[in-house]
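Chains as they are written, first to last, in my numbering: chain A, 7 to 173; chain B, 686 to 801. Every residue, glycine too, gets a C-beta built ideally from N, C-alpha and C. Right, one structure below, let's go through it.
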Amino acid sequence: MKVETKSRIVVFSLSLLVWILITTVFSIPSLVAGIIMALITAIFAGEMLIVTERKFHLKRVWYTIEYLFKFTWELIKANFNVAYIVIHPLLPIKPGIVKVKTKLKRDSALTMLANSITLTPGTLTVDIDVDNQILYVHWIYVKFTDIEQTTKDIGGRFEKLLEEIFE
Amino acid sequence: MPDLAINQIIGYVIICIGVIFDLFGVLGLVRLPDVYNRLQAATKSVTFGSAGILFGVFVYSGFTAMGFKAILAAIFILLTSPVSAHAIAKAAHKAGIKLTDKTVIDLYQEDKELQK
Numbered sequence: 007m008k009v010e011t012k013s014r015i016v017v018f019s020l021s022l023l024v025w026i027l028i029t030t031v032f033s034i035p036s037l038v039a040g041i042i043m044a045l046i047t048a049i050f051a052g053e054m055l056i057v058t059e060r061k062f063h064l065k066r067v068w069y070t071i072e073y074l075f076k077f078t079w080e081l082i083k084a085n086f087n088v089a090y091i092v093i094h095p096l097l098p099i100k101p102g103i104v105k106v107k108t109k110l111k112r113d114s115a116l117t118m119l120a121n122s123i124t125l126t127p128g129t130l131t132v133d134i135d136v137d138n139q140i141l142y143v144h145w146i147y148v149k150f151t152d153i154e155q156t157t158k159d160i161g162g163r164f165e166k167l168l169e170e171i172f173e
Numbered sequence: 686m687p688d689l690a691i692n693q694i695i696g697y698v699i700i701c702i703g704v705i706f707d708l709f710g711v712l713g714l715v716r717l718p719d720v721y722n723r724l725q726a727a728t729k730s731v732t733f734g735s736a737g738i739l740f741g742v743f744v745y746s747g748f749t750a751m752g753f754k755a756i757l758a759a760i761f762i763l764l765t766s767p768v769s770a771h772a773i774a775k776a777a778h779k780a781g782i783k784l785t786d787k788t789v790i791d792l793y794q795e796d797k798e799l800q801k
């Protein structure tokens, strides 16, 4: 099967599922409307979700679950970090924009890495330089400015897992 | 006090925690000095705070129409809030909004000047 067709089918099923979950009405007219809307979505934007052919690995599912757990843990830490900074009377911040190098190449992997960095403690992705594989990260408390150390400290938390999942 | 099922009590507790973290986010918006730092507070508290509130609604109402909608909204918030924060930060930097005086380093600006 062509990659594009596969992608369209996945988009169609996903949009139909979201429609059913949102409406939660199991009548014929509602379902027909949902199918029409899902078809329109699949025709216009269907080819963008899956771009390359990849084999299914059970290992990848395991890594995804591990990633989700790690991500949630970092998210909770990030929230307590913000709470600590905001409540502290002296406002302990030392902000700056640093560079982080990454090994990831795929767009999907880079997007997920940037999003993960934004949601983890003290960091916010400002821009990505795709050609040089560099992320510009705003750090609320700069510990080091050297690119090697920032890469290890900020990018290293998720890079390995994302590499296994997406590359 | 009205009779509450156990899941409703847990739901209320989660909603309260979410509201508290949203409050921290709002405090951050007021107290932190510049756009980038404020975005940090806003994105982080929104994910745990607002998504937490929605998750609390899901626990409260169970597998009903309201619960499914709340869970979907939480997923959309988790996916879109970092992207919008990234867009705002990049736009702010492009528009030339200065970082606060406390800033120690801005490699992004240096690289931009190198490219010129």
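### Query
What does B:Ala770 reach in chain A if we use C-beta pairs closer than 8 Å?
Against the second sequence, residue 770 of chain B aligns to sequence position 85. The answer, in chain order, is Thr124, Leu130.
### Query
For the candidate residues B:Leu712, B:Asn722, B:Gln693, B:Ile702, whose alpha-carbon lies nearest to that of A:Ile99?
Your numbering for residue 99 of chain A matches position 93 in the first sequence. Here the closest residue by C-alpha is B:Asn722.
### Message
Just checking: is the beta-carbon of B:Ser730 within a distance shorter than 8 Å of some beta-carbon in chain A?
### Response
Residue mapping note: residue 730 of chain B aligns to position 45 of the second sequence, counting from 1. Closer than 8 Å to some Cβ of chain A, the Cβ of B:Ser730 qualifies, so yes.
### Supposed close pair B:Gly703, B:Gly741 - CB separation, criterion 8 Å
Numbered from its first residue, the second sequence carries residue 703 of chain B at position 18. Numbered from its first residue, the second sequence carries residue 741 of chain B at position 56. Between B:Gly741 and B:Gly703 the Cβ distance is about 6 Å, and since that is below 8 Å, they are a contact.
### Message
Would you say A:Tyr142 lies against chain B (beta-carbon separation less than 8 Å)?
### Response
As a first step, residue 142 of chain A must be located in the first sequence, where it is residue number 136. Chain B places a beta carbon closer than 8 Å to that of A:Tyr142, counting this residue as a contact.
#### Entry: Interface partners of B:Ile790 on chain A, CB under 8 Å
On the second sequence, position 105 is the one that residue 790 of chain B refers to. Against B:Ile790, the close residues of chain A are Gly102, Ile103, Val104, Val148, Thr151, in the order they occur along the chain (beta-carbon pairs closer than 8 Å).
### Message
Tell me which residues share the same chain as B:Ser766 and place their Cβ nearer than 7 Å to its Cβ, disregarding the 5 neighbours each side in the sequence.
### Response
Within the second sequence, residue 766 of chain B is the residue found at index 81, counting from 1. Closer than 7 Å at Cβ, skipping near neighbours: Thr728, Val731, Thr732.
### Task
Could you work out which residue in B:Leu757, B:Lys783, B:Lys787, B:Asp791 is closest to A:Leu96 when comparing CA atoms only?
In the first sequence, counting from the first residue as 1, residue 96 of chain A sits at position 90. Taking only the C-alpha atoms, the option nearest A:Leu96 is B:Lys787.
### Query
Are any of the Cβ atoms in chain A nearer than 8 Å to that of B:Tyr745?
By one-based count along the second sequence, residue 745 of chain B stands at place 60. No - not a single Cβ of chain A is within 8 Å of the one on B:Tyr745.
### Message
Just to confirm, is the Cβ distance from A:Ile26 to A:Gly40 under 8 Å?
### Response
Taking the first sequence and counting its residues from 1, one reaches residue 26 of chain A at position 20. Taking the first sequence and counting its residues from 1, one reaches residue 40 of chain A at position 34. In this structure, A:Ile26 sits near A:Gly40, with a CB-CB distance shorter than 8 Å.
### Query
Is the distance from the Cβ of A:Phe164 to the Cβ of A:Ser114 below 8 Å?
Sequence index remark: in the first sequence, residue 164 of chain A carries index 158 (1-based). Sequence index remark: in the first sequence, residue 114 of chain A carries index 108 (1-based). In this structure, A:Ser114 does not lie closer than 8 Å to A:Phe164 by Cβ.
#### Entry: DSSP three-state assignment for A:Gly128, whether helix, strand or coil
Working through the first sequence from its first residue, we reach residue 128 of chain A at position 122. In the three-state reduction of the DSSP assignment, A:Gly128 falls in the coil class.
### Query
Mind pulling the chain A residues with CB within less than 8 Å of B:Arg716?
Walking along the second sequence from the start, residue 716 of chain B turns up at place 31. Neighbourhood of B:Arg716 in chain A, by CB distance below 8 Å: Val92, Leu97, in chain order.
### Message
Any beta carbon from chain B within less than 8 Å of A:Leu116's own beta carbon?
### Response
Mapped onto the first sequence, residue 116 of chain A falls at position 110. Taking Cβ atoms only, chain B never reaches closer than 8 Å to A:Leu116, which makes this a no.
### Query
chain A partners of B:Leu757, CB-CB under 9 Å?
Translated into positions along the second sequence, residue 757 of chain B becomes position 72. Those within 9 Å of B:Leu757 in chain A are Val24, Leu27, Ile28.
### Query
Between B:Leu724 and chain A, is there a C-beta pair that is closer than 8 Å?
The residue labelled residue 724 of chain B in the question sits at position 39 within the second sequence. Output row for B:Leu724: interface = yes.
### Query
Touch check for the region 151-171 of chain A and the region 744-762 of chain B: three-plus C-beta pairs under 8 Å?
Flag = no, the region 151-171 of chain A and the region 744-762 of chain B do not touch.
### Task
Assign B:Leu717 to one of three DSSP states: helix, strand, or coil.
Residue mapping note: residue 717 of chain B aligns to position 32 of the second sequence, counting from 1. Look at B:Leu717 here: in three-state DSSP terms it is coil, with no helix or strand label.
### Message
Please identify, using Cβ separations under 8 Å, the residues of the region 56-86 of chain A that lie next to chain B, in order along the chain.
### Response
Residues passing the 8 Å Cβ filter: Leu81, Ile82, Ala84, Asn85.
### Task
Give the interface partners of B:Leu783 over in chain A, defined as CB-CB distance under 9 Å, in chain order.
If you number the second sequence from 1, residue 783 of chain B lands on position 98. A small correction: the amino acid at residue 783 of chain B is Lys; Leu does not occupy that position in the sequence shown. Going along chain A, no residue has its Cβ under 9 Å from B:Lys783, so there is no contact; the nearest lies around 12 Å.
### Query
Looking at the C-beta of B:Ala774, does it have a partner C-beta in chain A at a distance below 8 Å?
Sequence index remark: in the second sequence, residue 774 of chain B carries index 89 (1-based). Yes, contact with chain A.
### Task
Starting from the C-beta of A:Ile160, find all residues in its chain whose C-beta is less than 7 Å away, skip the five residues before and the five after it, and write them out in chain order.
Looking up residue 160 of chain A in the first sequence gives position 154. Shown here for A:Ile160: same chain residues with a beta carbon closer than 7 Å to its own, the five before and five after excluded, namely Val106, Ile123, Thr129, Val143 in chain order.
### Task
Determine whether the Cβ of A:Val88 lies closer than 8 Å to any Cβ atom of chain B.
The sequence position of residue 88 of chain A within the first sequence is 82, counting from 1. Answer yes: the Cβ-Cβ gap between A:Val88 and chain B drops below 8 Å somewhere.
### Task
For the region 696-752 of chain B, list the alpha helix (DSSP H) runs that are entirely contained and at least 4 residues long, ordered along the chain.
Every alpha helix (DSSP H) of 4 residues or more that sits fully in the region 696-752 of chain B is shown, in chain order, as 720-730, 736-746.
### Query
In the DSSP assignment, what residue or residues form a beta bridge with A:Ile134?
Within the first sequence, residue 134 of chain A is the residue found at index 128, counting from 1. A:Ile134 pairs with A:Leu141.
### Query
When the cut-off is 8 Å and only beta carbons count, does B:Gly713 lie next to chain E?
Included in the structure are the protein chains A and B, with no chain E among them.
### Task
Note down the Cα distance separating A:Ala48 from A:Arg14, rounded to an integer number of angstroms.
Residue numbering aside, residue 48 of chain A sits at position 42 when the first sequence is read from its first letter. Residue numbering aside, residue 14 of chain A sits at position 8 when the first sequence is read from its first letter. Cα to Cα, A:Ala48 sits roughly 5 Å from A:Arg14.
### Outcome for A:Pro243 when other beta-carbon atoms lying within 10 angstroms are tallied against a minimum of 16
As displayed, chain A neither begins before 7 nor continues past 173, which places residue 243 of chain A out of reach and without an answer.
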